[in-house]
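Heads up: the structure comes next, in structure tokens.
Protein chains: 2
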Amino acid sequence: MQPLEGVRVLDLSHVLAGPYCTMVLGDMGAEVIKVEQYPEGDLIRQMAPFQSGMSYGFSVINRNKQGIRLDLTTEEGQEVFYRLAKTADVIVENYRPGVTKKLGIDYETIKEKNPDIIYCSISGFGQTGPYKHKAGLDIMAQGMSGIMSMTGESNGRPVKVGVPVHDIGAGITALYHILFAYIYKLKHHEGQYIDVSLVDSALAWTVWEAAAYFGKGEIPVPSGSRHRRIAPYQAYKTQSGFILLGIVNERMWERFCHHVVERPQWQNDPRFATGNDRIENVEELEKEIEAVLTTQPSDVWLKRLEKQGVPCGPILNYEETLHNEQTQHREMVIDYDHPEVGLMKTLGFPAKMSKSPAEFRLPAPMLGQHTDHILEELDYSKAEIERLKHKAIV
Amino acid sequence: MQPLEGVRVLDLSHVLAGPYCTMVLGDMGAEVIKVEQYPEGDLIRQMAPFQSGMSYGFSVINRNKQGIRLDLTTEEGQEVFYRLAKTADVIVENYRPGVTKKLGIDYETIKEKNPDIIYCSISGFGQTGPYKHKAGLDIMAQGMSGIMSMTGESNGRPVKVGVPVHDIGAGITALYHILFAYIYKLKHHEGQYIDVSLVDSALAWTVWEAAAYFGKGEIPVPSGSRHRRIAPYQAYKTQSGFILLGIVNERMWERFCHHVVERPQWQNDPRFATGNDRIENVEELEKEIEAVLTTQPSDVWLKRLEKQGVPCGPILNYEETLHNEQTQHREMVIDYDHPEVGLMKTLGFPAKMSKSPAEFRLPAPMLGQHTDHILEELDYSKAEIERLKHKAIV
Numbered sequence: 001m002q003p004l005e006g007v008r009v010l011d012l013s014h015v016l017a018g019p020y021c022t023m024v025l026g027d028m029g030a031e032v033i034k035v036e037q038y039p040e041g042d043l044i045r046q047m048a049p050f051q052s053g054m055s056y057g058f059s060v061i062n063r064n065k066q067g068i069r070l071d072l073t074t075e076e077g078q079e080v081f082y083r084l085a086k087t088a089d090v091i092v093e094n095y096r097p098g099v100t101k102k103l104g105i106d107y108e109t110i111k112e113k114n115p116d117i118i119y120c121s122i123s124g125f126g127q128t129g130p131y132k133h134k135a136g137l138d139i140m141a142q143g144m145s146g147i148m149s150m151t152g153e154s155n156g157r158p159v160k161v162g163v164p165v166h167d168i169g170a171g172i173t174a175l176y177h178i179l180f181a182y183i184y185k186l187k188h189h190e191g192q193y194i195d196v197s198l199v200d201s202a203l204a205w206t207v208w209e210a211a212a213y214f215g216k217g218e219i220p221v222p223s224g225s226r227h228r229r230i231a232p233y234q235a236y237k238t239q240s241g242f243i244l245l246g247i248v249n250e251r252m253w254e255r256f257c258h259h260v261v262e263r264p265q266w267q268n269d270p271r272f273a274t275g276n277d278r279i280e281n282v283e284e285l286e287k288e289i290e291a292v293l294t295t296q297p298s299d300v301w302l303k304r305l306e307k308q309g310v311p312c313g314p315i316l317n318y319e320e321t322l323h324n325e326q327t328q329h330r331e332m333v334i335d336y337d338h339p340e341v342g343l344m345k346t347l348g349f350p351a352k353m354s355k356s357p358a359e360f361r362l363p364a365p366m367l368g369q370h371t372d373h374i375l376e377e378l379d380y381s382k383a384e385i386e387r388l389k390h391k392a393i394v
Numbered sequence: 001m002q003p004l005e006g007v008r009v010l011d012l013s014h015v016l017a018g019p020y021c022t023m024v025l026g027d028m029g030a031e032v033i034k035v036e037q038y039p040e041g042d043l044i045r046q047m048a049p050f051q052s053g054m055s056y057g058f059s060v061i062n063r064n065k066q067g068i069r070l071d072l073t074t075e076e077g078q079e080v081f082y083r084l085a086k087t088a089d090v091i092v093e094n095y096r097p098g099v100t101k102k103l104g105i106d107y108e109t110i111k112e113k114n115p116d117i118i119y120c121s122i123s124g125f126g127q128t129g130p131y132k133h134k135a136g137l138d139i140m141a142q143g144m145s146g147i148m149s150m151t152g153e154s155n156g157r158p159v160k161v162g163v164p165v166h167d168i169g170a171g172i173t174a175l176y177h178i179l180f181a182y183i184y185k186l187k188h189h190e191g192q193y194i195d196v197s198l199v200d201s202a203l204a205w206t207v208w209e210a211a212a213y214f215g216k217g218e219i220p221v222p223s224g225s226r227h228r229r230i231a232p233y234q235a236y237k238t239q240s241g242f243i244l245l246g247i248v249n250e251r252m253w254e255r256f257c258h259h260v261v262e263r264p265q266w267q268n269d270p271r272f273a274t275g276n277d278r279i280e281n282v283e284e285l286e287k288e289i290e291a292v293l294t295t296q297p298s299d300v301w302l303k304r305l306e307k308q309g310v311p312c313g314p315i316l317n318y319e320e321t322l323h324n325e326q327t328q329h330r331e332m333v334i335d336y337d338h339p340e341v342g343l344m345k346t347l348g349f350p351a352k353m354s355k356s357p358a359e360f361r362l363p364a365p366m367l368g369q370h371t372d373h374i375l376e377e378l379d380y381s382k383a384e385i386e387r388l389k390h391k392a393i394v
């Protein structure tokens, strides 16, 4: 049995934040029905690369979902949605604030039809406040949260995180608040509304930066790969590329000086003697360390560092990551056969649960794949379904 | 009523991933008891800046927790922990794999004393596999997940994300799996073990990159602030700094050319006519756009872009972020009076729930602050407590 077996989720969302959230609900057993706008459905279905007409991106974040296609801009489409909403426990949407009201599928409207619904909205800046109507894509959230201002090289151009962290971060924030609301509903038999924003979700991750700002007014700046409080804790150049070092205490620093780089004199060098000294002279420290590390390739150093118990690691490219022996051992890549598309791959699950693990049950739906099935279950007759199809409602 | 009222969580963790997870459980009503190792407690207590002796960083991620100090390396300390564990629903730890077994507080041991416990371990690489014993700090996870290899400037040095995203990401992954396990326990009256790793949690975010690699073997490289599939979608230089643009469809591109930069000819320019053209000529596009944008300060462009409904935004530094009117409206900064430390601030909550919102109930504990209270509740007599203190167990 999975934790969310018997929980029905309507996924009104598109692209990334909402679909990521509902995918994880599906991974844990929820019956997720993706409701896609007639005619094209989720924008992501247009995103390359494709396999047999299926967007690979769509397939990766829409596993464990069924799909219905519906024209929500028509009254009859809305009626179908209302009948569906009466059977649901959770609704997730990530339209721009105001759109669900225009479509007649906002929380207030749905609550009248299903008073115990858990309804979660995800948007760039939230449903309230002076910025609520602004378009909040992932990159704007990186800019607004301050995180872009502290990522990259000092004096370089702005740099964004290589993956859309705030779309996914907001999706996960929505996810765990839906679980809180579901637990509350199990105990108190009441639904509620949840308002999640990309920027709020991002801000909630700036805990060290908040502490440094609240405590001493420090405004963080980009520092390349360097930690702002600890050194050496960054990427260093070797003969063959870069490696990562994370020396977080004096014991490790001693072992590093004596047994890795064989520069015991650094331990008493006034520039590097204490953690504070090393942070103050972090540029010189980098030069000195790289002068040694560039004499040998990365592998040699990583072996020596590991032998001394000094935290270290490689910088893998994404192909190396996916083929890495630990990635394979942790089953982070799943192979499956999509009945319409053929052999495909998707990502594995981020945690291993002993009793109720995540499961891959359903491949991503083709556009409108389960429309008939879902309408029949809502007691639409075959004739009614034909009529809705003829009118281009479904 | 909060969703987790009556749920007791033991927080054996330190620094960031585990404490972040248990903080959010506390925000939602759980009774979190932070168990800190005698004598110094959580390493983060040593991290500057300080206010009246309290580490500001510690205070930000340990609100809504009580604290007990305990020497877990002694048999008597373990006995105290076992008594406490019998009263708990959830245990969270982020020691290196193997350490809890040495301390006699691993899942197998605790399960014998409390069969329904939910026990969550967080580590760099997971509890299984060839890398399980490696030190997995946030920076190593950024290196192993491939995310560092796709962040920064092409041909630049490696760049890490400005906040420790994978520590926090693993904390949140632990959090939502604990909620899954708790829902499972509410329904089936059984606990379980959860194994979370920083690298697995990070990999689960690489959904677009997985799709591009699985679908056509693409290995993502650093692209500064640029999107890999959409242009213009990046930071552009203006007369006064940088702004962000995210033009995700042709309608927006048209409005941008005609009404923002007033270069209608770009729409039919073979270099920029379609989305694919713009991605292929993204360098030239940047030059052309910046030649126009550097003629006016950011404010002028942002106003014009907003008027045209073209997604855009500033890049705020962290101080500007915290003082921004939307941040204030969303109550993302909380002021409170710590009884031992004085007036302090902390971050607000990332989602707004209509029925069971997160609450700030307790400031972060001083080291060992609730030791007596918790021991008394476990039926230790005053004499026994004195004896444990005398022996430096608590």
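As given, the protein sequences belong to chains X and Y, one line each in that order.
Going letter by letter, the first sequence gives residues 1 to 394 in full-length UniProt numbering.
Going letter by letter, the second sequence gives residues 1 to 394 in full-length UniProt numbering.
In this text, a Cβ means the ideal position worked out from N, Cα and C, and glycines have one as well.
- Taken in chain order, the whole alpha helix (DSSP H) runs of length 4 or more contained in the stretch 335-393 of chain Y are 371-377, 382-390.
- PRO297 (chain X) is positioned such that its CB atom lies closer than 7 Å to that of SER240 (chain X).
- The straight-line gap separating the alpha-carbon atoms of GLN66 (chain Y) and TYR336 (chain Y) is approximately 17 Å.
- DSSP, reduced to helix, strand and coil, places SER59 (chain Y) within a helical segment of the structure shown.
- DSSP places MET1 (chain Y) in the coil class of the three-state scheme, outside both helix and strand.
- Annotation for TYR184 (chain Y): the continuous alpha helix (DSSP H) segment containing it runs 165-188.
- Only buried fits ALA141 (chain Y), as 16 or more other CB atoms lie within 10 angstroms of its CB.
- Residue contact with chain X for GLN66 (chain Y): absent (no Cβ-Cβ distance below 7 Å to any residue of chain X).
- Taking C-alpha positions only, ARG330 (chain Y) is separated from VAL163 (chain X) by approximately 26 Å.
- Under the 7 Å criterion on CB atoms, ARG278 (chain Y) is classed as non-interfacial with respect to chain X.
- Between PRO220 (chain X) and chain Y, the shortest Cβ-Cβ separation is below 7 Å.
- Every alpha helix (DSSP H) of 4 residues or more that sits fully in the stretch 95-156 of chain Y is shown, in chain order, as 99-102, 107-113, 138-144.
- Contact with chain Y is absent for PRO97 (chain X), since none of that chain's Cβ atoms lies less than 7 Å from the residue's Cβ.
- Counting the other CB atoms within 10 Å of its CB gives MET1 (chain Y) a total below 16, which places it among the exposed residues.
- A residue is called buried once 16 or more other Cβ atoms fall within 10 Å of its Cβ, and PRO158 (chain Y) is buried on that count.
- Per DSSP, the unbroken alpha helix (DSSP H) holding ARG255 (chain Y) starts and ends at 250-255.
- Secondary structure at ILE279 (chain X): helix, using DSSP grouped into helix, strand and coil.
- Proximity of ASN281 (chain Y) to chain X, defined by a Cβ-Cβ separation below 7 Å, is not satisfied.
- Contact between GLY124 (chain X) and LYS134 (chain X) is confirmed by a C-beta separation of about 6 Å, below the 8 Å threshold.
- Residue pairing by DSSP leaves SER225 (chain Y) without any beta bridge partner.
- Contact check between the stretch 17-37 of chain Y and the stretch 77-93 of chain Y: three or more CB pairs, one atom from each, fall below 8 Å, which counts as touching.
- Counting along the chain, LEU305 (chain X) sits inside the alpha helix (DSSP H) bounded by residues 298-307.
- Going by DSSP, TYR236 (chain X) is part of the beta strand (DSSP E) stretching over 233-237.
- Per the C-alpha coordinates, the member of Y:ASP372, Y:GLU386, Y:HIS390 positioned closest to LEU84 (chain Y) is Y:ASP372.
- As the crow flies, the alpha-carbon of LYS132 (chain Y) is around 11 Å from that of ILE122 (chain Y).
- Residue burial annotation: LYS113 (chain X) is exposed, with fewer than 16 other C-beta atoms found within 10 angstroms of its C-beta.
- As computed with DSSP, LEU10 (chain X) is found in a beta bridge with X:ILE33, X:ILE91.
- Any Cβ of chain X closer than 7 Å to the Cβ of LEU203 (chain Y) would place that residue at the interface, and such an atom is present.
- Residue X:LEU245 holds the alpha-carbon nearest to the alpha-carbon of LYS303 (chain X) among X:PRO339, X:LEU245, X:ARG251.
- Contact check for ARG45 (chain X) and LEU367 (chain X): beta-carbon distance about 6 Å, within the 8 Å limit, so the pair qualifies.
- Judged by pairs of C-beta atoms under 8 Å, the stretch 350-365 of chain Y touches the stretch 23-39 of chain Y, as three or more such pairs exist.
- Straight-line spacing of the CA atoms in GLU283 (chain X) and MET150 (chain X) works out to 18 Å.
- Chain Y has a Cβ within less than 7 Å of the Cβ of SER354 (chain X).
- The beta carbon of ARG304 (chain X) does not come within 7 Å of any beta carbon belonging to chain Y, so the residue lies off that interface.
- Per DSSP, the beta bridge partners of VAL333 (chain X) are X:LEU347.
- Here LYS352 (chain X) is buried. Its C-beta has 16 or more other C-beta atoms within 10 Å.
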